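J.:
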């Protein structure tokens, strides 16, 4: 970590979809490299298909580590209904 990231974390970005491994990364960074975590940006990828429990977990991680994420959504939509209207139902995309 120290070899590849700036000591103050500035300019570093960690993108998360709130997977368990993402949350472990934040916890480990907080424990071992808090100055880097404090300076880096946390970007949350919201696909508009996250489980409600994932959103609860995300808010808990943000609160626990005092690290607000910049939430990013798919282009030009803010709800799952808008996503389906613009891009189609992702469940049908594989067929």
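Numbering (my numbering), first residue to last: 1293 to 1387.
The beta carbon of each residue, even a glycine, is placed where N, CA and C say it ideally should be.
Being a predicted model, the structure only gives us computed values, none of them experimental.
What does a CB cutoff of less than 6 Å around residue 1340 pick up in its chain, not counting 5 residues either side in sequence?
T.: Position 48 of the chain shown, counted from the first residue, corresponds to residue 1340. Same-chain partners within the cutoff: 1372 and 1375.
J.: Counting along the chain, where does the alpha helix (DSSP H) carrying residue 1375 start and finish?
T.: Within the chain shown, the letter at position 83 stands for residue 1375. Residues 1372 to 1379.
J.: Buried or exposed for residue 1309, going by 16 or more other Cβ atoms inside 10 Å?
T.: Counting from one through the chain shown, the residue named residue 1309 turns up at place 17. Burial call: exposed.
J.: How should residue 1350 be labelled, buried or exposed, when 16 other C-beta atoms within 10 angstroms of its C-beta is the threshold for buried?
T.: On the chain shown, position 58 is the one that residue 1350 refers to. The residue is buried, with at least 16 neighbouring Cβ atoms inside 10 Å.
J.: Could you tell me the alpha carbon to alpha carbon distance between residue 1303 and residue 1346, rounded to whole angstroms?
T.: To locate residue 1303, count along the chain shown from 1; it is residue 11. To locate residue 1346, count along the chain shown from 1; it is residue 54. Approximately 27 Å, taken between the alpha carbons.
J.: Closer than 8 Å by C-beta to residue 1331: which residues in its own chain qualify, once you throw out the five before and the five after it? Chain order, please.
T.: Working through the chain shown from its first residue, we reach residue 1331 at position 39. Counting only Cβ-Cβ distances below 8 Å, and skipping sequence neighbours, we find 1298, 1300, 1301, 1302 and 1304.
J.: Roughly how many whole angstroms lie between the Cα atoms of residue 1296 and residue 1318?
T.: In the chain shown, counting from the first residue as 1, residue 1296 sits at position 4. In the chain shown, counting from the first residue as 1, residue 1318 sits at position 26. So the two alpha carbons sit approximately 16 Å from each other.
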